[in-house]
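Number of protein chains: 2
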Amino acid sequence: MSPGKKPIVATDHEVLAVVLQVADDVLRVLLWQHDRGPAAGAWALPGGPLLTDETLGRSVASQLAEKVDVRHLSHLEQLETRSDLDRIPQTRVLATAYLGLVPSDERSVLPGDTQWHSVAALPTMAFDHASITLSGVRRLRAKLSYTNLGFALAPAVFTASELQAIYQAALGHEVSATNLKRILLRREQIVATGTHSAPGRTGGRPAVEYRFRTRHIEVTDQFAVLRPPDQPRSLNG
Amino acid sequence: MSPGKKPIVATDHEVLAVVLQVADDVLRVLLWQHDRGPAAGAWALPGGPLLTDETLGRSVASQLAEKVDVRHLSHLEQLETRSDLDRIPQTRVLATAYLGLVPSDERSVLPGDTQWHSVAALPTMAFDHASITLSGVRRLRAKLSYTNLGFALAPAVFTASELQAIYQAALGHEVSATNLKRILLRREQIVATGTHSAPGRTGGRPAVEYRFRTRHIEVTDQFAVLRPPDQPRSLNG
DNA sequence: ACGGGTTATCGACTGATAGTCAGTAACCTA
DNA sequence: TAGGTTACTGACTATCAGTCGATAACCCGT
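One line per chain: the protein sequences are A and B, in this order. For the first sequence, the residue numbers in the numbering used here are 180 to 416. For the second sequence, the residue numbers in the numbering used here are 180 to 416.
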């Protein structure tokens, strides 16, 4: 409205990343704090402008390099592109969001303006970043059900209890360790390494250690209901 | 390469739509034929440039209005954003693709340069449009399994046989009508209208007619495996 | 070395779901 | 009314997830 009042800036494009990690039994997201501009004081997703000679994927990787060691990113996928005209006041900026995941045993040092925040208690966030964060969390939770995406949250080697704690934090509700182990074994997502955990300080039986069979995303085909008759549902059929 | 030779045009953005429909037992996609330019002769997805005062959703809707009656679109969702530097030669154009669905009983007249093409035998297509089309088909097939997205492909009222034919064409493999009906009824996606089909020209028992309970997308929560203990899996629990 | 505490593992049971199929029902035409 | 065609129903089976009690393997202190 009132088109002569404020000229619309040429369409611009930014990338944003929802980087999630489970640590201390909590699912948390990487945020940095605006120190100036229209959203001063608010927390924001890492990201920045898309350069003309970058793909979106390369752009988000280079933007993230300023915040975390990108080698720690165990998974990165495109989430969605936001285009609401008023998502940032006075300007027109498209944002393509990515979902990044970090294993729970990675504890790198962060720049001073950057912190992890529990997704269960997000701070005041800039623009539509809170909404984008929730999209990322929804995507993660959905994919934990029907893919092997747990590999991106878990350490290379883990026990059933450790994995149960990670899934519980990521999903936000209780998870049975027995059931989780049986499901992931049946789907051939995890395999035993043959090793055992060192018995804990407080005693207790040493636990069998597992690893994810692959560290690339795979979809559980069991979830393709109404499957063709020649593709039996059973894995051991 | 050779940066002085051809200046890179400022980042531009287009929208594209993968519009799918089941007709005559075949899943097909709406394409139009380039009559000039670098991709002359190739078939392309409908779309066009994103204007500075449009959201992506409004842009794709207005672009589609030139090809089909937009009122026939029973579903429209964002698919993905492509950013490969060489996806269009000599220029830099981001493309945000949408997935649109049309019920199988809609047979509107198309402009002269526009045709439906079976996704099982795609023609030579411009740029990365074939790859984007396959993304759309994959998304549709996945969502048919774990959502009520069938509503967007089916007529308002249908018999079990008609729905079976639609799912079979969309999924690309055989589907049991008995099983399909039972699954969708159990999930409360479809309900009987109380009416019966007129007995066909060749005889046969009249079929019970159904409709989708809602025409907005809903996710089958049964697919949230590892669900919290207080959310029983049963619908009638 | 033995018993109690702790953590881990295993096996059995139940209920829900999907895939299949044979038998029955309801229509047509001749 | 018989035979052909399409639709519907119920039963059977296999798979899978959720639950729980019983057992195993470790710690420590006595």
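Note that beta-carbon positions come from the ideal geometry of N, C-alpha and C, so glycine has one too.
A straight line joining the alpha-carbon of Thr393/A with that of Phe330/A spans about 8 Å. Chain-ordered, the chain B residues with CB closer than 8 Å to the CB of Val354/A read Leu405.
In the structure shown, Glu353/B falls within a coil segment according to DSSP collapsed to helix, strand and coil. Taking a contact as a CB-CB distance under 8 Å, the pair Leu405/B and Ser340/A does not count as one, their CB atoms being some 15 Å apart. The residue from Trp211/B, Thr381/B, Gln269/B, His296/B with its alpha-carbon nearest to that of Gly226/B is Trp211/B. Residue range 308-325 is occupied by the alpha helix (DSSP H) that includes Val316/A, with no beta strand (DSSP E) assigned at that position. Contacts with chain B (Cβ-Cβ distance below 8 Å) from the segment 240-262 of chain A involve Gln257, Glu259, Thr260, Ser262, listed in chain order. Proximity of Arg366/B to chain A, defined by a Cβ-Cβ separation below 7 Å, is not satisfied. The continuous stretches of alpha helix (DSSP H) do not include Gln200/A, which lies in the beta strand (DSSP E) extending over residues 191-202. At a Cβ-Cβ threshold of 7 Å, Pro217/B and Pro282/B do not count as neighbours. In terms of beta-carbon proximity, Leu363/B stays away from the interface with chain A, with every pair separated by 7 Å or more. A direct Cα-Cα distance of roughly 37 Å separates Pro378/B from Gly291/B. Contact check for Ala344/A against Asp204/A passes: the beta carbons are separated by less than 7 Å. By the CB criterion at 7 Å, Leu319/B and Ala333/B fall outside the cutoff.
About 18 Å separates the CB atoms of Leu235/A and Ser238/B; that is not less than 8 Å, and the two are not in contact. Residues are counted here when their Cβ sits less than 9 Å from a Cβ of chain B; for the segment 291-319 of chain A the count is zero. Rounded to whole angstroms, the Cβ separation of Leu195/A and Ile311/A is 6 Å, and the two are in contact under 8 Å. Here the alpha carbons of Phe337/B and Arg361/B stand approximately 15 Å from one another. For a Cβ distance threshold of 8 Å, nothing in chain B lies close to Tyr389/A: the least Cβ distance comes to about 16 Å. Leu209/A is positioned such that its CB atom lies no closer than 7 Å to that of Val298/A. Within the same chain, Cβ atoms closer than 8 Å to the Cβ of Ala202/A are found at Ser283, Arg286, Trp295, the five residues on either side in sequence being excluded.
Out of Arg384/A, Asp214/A, Asn358/A, the CA that lies nearest to the CA of Ala305/A is found in Asp214/A.
Residues are counted here when their Cβ sits less than 7 Å from a Cβ of chain A; for the segment 335-348 of chain B these are Tyr346, given in chain order. Beyond the five residues adjoining it in sequence on each side, Asp232/A comes within less than 6 Å, by CB distance, of no other residue in the same chain.
Spatial neighbours of Glu259/B in its own chain (CB-CB distance under 8 Å, excluding positions within 5 residues in sequence) are listed in chain order as Thr275, Ala276, Ile311, Ser314.
Annotation for Arg271/A: no alpha helix (DSSP H) segment contains it, and DSSP assigns it neither H nor E.
Ala221/B sits close to Thr303/B, with the two beta carbons spaced by under 7 Å. The beta carbon of His375/B is closer than 8 Å to those of Pro385, Ala386, Val387, Glu388 in its chain, skipping five residues each way along the sequence. In terms of Cα proximity to Tyr346/B, the closest of Val370/B, Val316/B, Gly373/B is Val316/B. Sequence-distant Cβ neighbours of Asn358/B in its own chain, meaning closer than 7 Å and more than five residues away, do not exist here. For Val398/B, the three-state secondary structure derived from DSSP is strand. Partner residues in the beta bridge of Thr293/A, as assigned by DSSP, are Trp211/A.
Taking the beta carbon of Leu350/B as reference, the chain A residues within 7 Å of it are Leu405, listed in sequence order. At a C-beta separation below 7 Å, Leu359/A has these neighbours in chain B: Leu405.
A Cβ-Cβ separation of about 7 Å places Leu252/B in contact with Leu243/B under the 8 Å criterion.
Chain A places no beta carbon closer than 7 Å to that of Leu206/B, leaving this residue out of the contacts.
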